[in-house]
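Protein chains in written order, with this note's numbering: chain E, 1 to 565; chain D, 1 to 168.
The C-beta atom is built at its ideal place from N, Cα and C for all residues, glycine as well.
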Amino acid sequence: MKVTGAQAIIKCLEEQGVEVIFGFPGGAVIDIYDELTRSKITHVLVRHEQAAVHAADAYGRVRGEVGVALVTSGPGATNTVTGIASAYMDSIPMVVFTGQVPTKLIGNDAFQEVDIVGITRPCTKHNYLVKNPEDLVPTIREAFHIARTGRPGPVLIDLPKDVVAAKISFPKPEPIKMQTYRPTYEPHPGQIEKACRAIMKSDRPVIYAGGGVIASNASEELTELARKLNMPVTMTLMGLGGFPGTDRLSMGMLGMHGTYYANMAVANCDLLIAVGARFDDRVTGKIDAFAPHAKIIHIDIDPASISKNVEVDIPMVADCKHALTAINRWFDRQADFDREAEAAKHGPWCEQIEDWRRKHPLGYAADGDIIKPQYVVQKLHELTGGDAIITTEVGQNQMWAAQFYHFNKPRAFMTSGGLGVMGYGFPAAIGAQMAAPDRTVIDIAGDGSIQMNIQELATARQYRCPVKIAILNNGYLGMVRQWQELFYDKRYSHTTLEATPDFVALARAYGAVGLRATKVSEVEPVIKEALATDNVVMMDFVIAREEGVYPMVPAGKATTEMLLV
Amino acid sequence: MMNKDNQMKHTISVLLQNKPGVLSRVTGLFSGRGFNIESLCVASTLDPTVSCLTLVTSGENNIIEQITKQLHKLIDVIKVVDISEETDYVEREMVILRVKAEANTRAEVLRVIDIFRGKVVDVSPKSYAVEITGSTNKIQAVIDILKPIGIQEIVRSGVIAMARAKKN
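Shown next, in the form of structure tokens:
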């Protein structure tokens, strides 16, 4: 039976179990949009293509599935680039469909033509231009396979209009066999043995958990290992929620804005167990001074991540879940392994970390009636029982969210970690809400970054996504201002935001609810009202203007050289 | 071979799927990650769906390790071999030179080309075009010797290489 390319695309999406896609129509994809009218797939019409990709990103993260975005050619395609690059840096599984001019016009500078495959080559895991209609179905299946397996990532498929219109056969699905792409999931038994022996020898171990723990659903295995052997855990921004943030073994985040005790622990540990983390510069600071006394075990599914920034002692190319399971089983099988003695051996080390924690806890100074941003995040945590899905923009809001909303579960924190996209949080919140309609979803935002995708208020309203936006409004591009305060002699070059809209009135203009708090006593009532409102709510918290994010490791310094509150 | 920054030269052989855009994935990887390419040579193998790409690069060991890993990560790459890590291998490059050859130097040019087992491929009243094949060192030696006589045009192919078969 012959189908059109457009029908085949929709059939492929259904076959992949896709329920929701995010997109924006245009001339080159009009046939696919027409076909959508005959499908059960929900399409969310965004107001800017960048938002479609961020929403698909967060949708995929919440569900643990591949997010899907659909846009037209030319500007539709170029608008997706930031979202794709963010998903690539954060290893988020995603398939992006872009329209393209008809094959015979490609290269002709046709209307709304752009070489999106060329443009996105360095920021996709893989991409395709489908020139032969018969390749369409196998390409889509392969794209989903590549996006979700190995180190996940975005895959783009460029669809010329004539390919979408062509009549083609629809082959039955077959197991995907690729000659050139076979990610390694199972750890090498010899490396497991070496890693476990190193763990047994260690007196001062630290687990350094990254986004790979979330991506591979390895939280339980990680928690089992940490508790079994009484090993403290620190997480990267992408790893938050991978281990319960309120557990006594959690040291919170490490790195530039990490906790004092996490950075001190890494600097003094004798064994660093990196699980699905990539030794990013925001984590390591000055590379020579990072974990200088430690033997390093590095578990990562991407061989290229291993020994890229830091030379490791025990590399292990594997899926985090498989590797941690193997490590846990190794200890279970060990006849001479005395679990209690081993856990007790790390007691003095945990006590040392407790000392550091007591000395410099995460904190801030209250200041009368003035609202401190950290207080807002704490209250959000308290009033949602720590159970909300939090998205963030980028800058101070992101760091305060990471520090003060103690995530106990994975897939509850969506942030643009690697690329650092201002404007990520709000569309991501919409994507997260579409993925989990019954959960509370809050975008913790700044007054600067919320304006980068504020047009999505219309999308949230149209699809009745009752997301909550908490704007930490200080009238500045706060993180850059903080750097200017510390390192540029307070010359606040172009970081002061003037003519900021009245967010309460703006929310109303979109049919959403706007609330404002200008003093401490108003914070709780505003949050309570927002949580009780079945609509989009924009909360404008007017906060201490020059509050900074601390601790802070100045760029290029050792992580022990922290500026404290 | 060491260059002036004391970095090892490496000859890397890459088998890739012969599809549009594959070469730009490879070159884009090098420019995007700040690796250098000293020469690059690519053509199809016996299997027309597979191409073999030979590239010469230089860098410290950790950089070369990253280069091979990142190449391997490209979906269209089938196999990556750092040939210069093999115990023994053959490496060849071809050059075509147009050398000034006037009455007083014609015989001299022919003698030099003969020594290097080169071949004249084009003749004009005032020049010879010659082809010479050999290791990069040999090609460099020919160029050094012919330069004082006058090289008018030069085209080099870039290096291709193959590991030698195991003897036992």
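> Counting only runs that start and end within the region 312-338 of chain E, where is the beta strand (DSSP E) found for 3 or more residues in a row?
Replying inline: 314-317
>> Could you check whether the Cβ of Gly59/D sits closer than 9 Å to any Cβ belonging to chain E?
In response: no
> Less than 9 Å separating the beta-carbons of Ile199/E and Ile306/E?
Replying inline: no
> Using DSSP with H/G/I as helix, E/B as strand and the rest coil, what is Asn18/D?
Replying inline: coil
>> Which of the three DSSP states is assigned to Arg156/D in this structure?
In response: strand
> Where Val155/D and Gln17/D are concerned, what is the direct C-alpha to C-alpha distance, given to the nearest angstrom?
Replying inline: 27 Å
> If you draw a straight line from the C-alpha of Ser521/E to the C-alpha of Met539/E, how long is it?
Replying inline: 14 Å
> What's the gap between the Cα of Lys167/E and the Cα of Lys131/E?
Replying inline: 14 Å
>> Counting only C-beta atoms, is Tyr181/E closer than 9 Å to chain D at any point?
In response: yes
>> Just to confirm, is the Cβ distance from Asn535/E to Ala512/E under 9 Å?
In response: yes
>> Give me, in chain order, the residues of the same chain whose beta-carbon lies closer than 7 Å to that of Met1/D; leave out the 5 immediate sequence neighbours on both sides.
In response: Note that Met1/D scores 49 on pLDDT, short of 50, meaning its location in the model is unreliable; the coordinates nonetheless yield the value given after this. Correct list, in chain order: Lys9.
> Checking contacts by CB at 9 Å: is Gly34/D closer than that to chain E?
Replying inline: no
>> With a threshold of 9 Å between beta carbons, is Val3/E in contact with chain D?
In response: no
>> Counting only C-beta atoms, is Ala558/E closer than 9 Å to chain D at any point?
In response: no
> Thinking C-beta only, is Gly64/E closer than 9 Å to Ala589/E?
Replying inline: Because chain E in this structure spans residues 1 to 565, residue 589/E falls outside the shown range and cannot be described.
> Name the DSSP bridge partner or partners of Asn104/D?
Replying inline: According to DSSP, Asn104/D bridges with nothing at all.
>> On a Cα-Cα basis, can you pick out the residue from Gly32/D, Thr57/D, Gly34/D that is closest to Cys41/D?
In response: Thr57/D
> Any contact of the region 252-272 of chain E with the region 428-438 of chain E, i.e. 3+ C-beta pairs under 8 Å?
Replying inline: no
>> Against Glu65/D, what residues of chain E qualify as contacts under a CB-to-CB distance less than 8 Å, listed in chain order?
In response: Ser307
> Hey, how far is the Cα of Leu110/D from the Cα of Phe116/D?
Replying inline: 10 Å
>> Just checking: is the beta-carbon of Lys169/D within a distance shorter than 9 Å of some beta-carbon in chain E?
In response: No information on residue 169/D is available, as it lies outside the stretch 1 to 168 that chain D covers here.
> alpha helix (DSSP H) containing Gly425/E: first to last residue?
Replying inline: 425-435
> Should the region 148-168 of chain D be called in touch with the region 83-95 of chain D, which here means at least 3 C-beta pairs below 8 Å?
Replying inline: yes
>> I need the boundaries of the beta strand (DSSP E) containing Met539/E, first residue and last residue.
In response: 537-542
> How should Met178/E be labelled, buried or exposed, when 16 other C-beta atoms within 10 angstroms of its C-beta is the threshold for buried?
Replying inline: exposed
> For Asp76/D, which residues in chain E fall below 7 Å Cβ to Cβ?
Replying inline: Thr180
>> On the DSSP letters alone, give me the boundaries of the beta strand (DSSP E) that Leu159/E sits inside.
In response: 154-160
>> Judging by CA-CA distance, which residue of Lys286/E, Ala277/E, Asp313/E is the nearest neighbour of Ile301/E?
In response: Ala277/E
>> If distances are taken between C-alpha atoms only, which option among Phe279/E, Leu222/E, Gly5/E, Cys465/E comes closest to Gly418/E?
In response: Phe279/E
>> Between Ile140/E and the ligand PLP, is there a pair consisting of the residue's CB and a ligand heavy atom that are separated by less than 8 Å?
In response: The ligand PLP is absent from the structure shown, which contains no ligand whatsoever.
> For the region 94-146 of chain D, which segments carrying the alpha helix (DSSP H) assignment without a break, of at least 4 residues, lie completely within its bounds, in sequence order?
Replying inline: 106-115, 136-146
>> Is it the case that the region 375-388 of chain E contacts the region 229-241 of chain E, given that we only count it when at least three CB pairs across the two stretches are under 8 Å?
In response: no
> Taking C-alpha atoms, which residue in Gly5/E, Val542/E, Leu506/E, Val565/E lies nearest to Lys519/E?
Replying inline: Val542/E
> Can you pull the DSSP bridge partners for Thr54/D?
Replying inline: Ser13/D, Cys41/D
> Which value, in whole angstroms, describes the spacing of the CA atoms of Pro125/D and Ala103/D?
Replying inline: 9 Å
>> Tell me the residue span of the beta strand (DSSP E) that contains Asp300/E.
In response: 295-300
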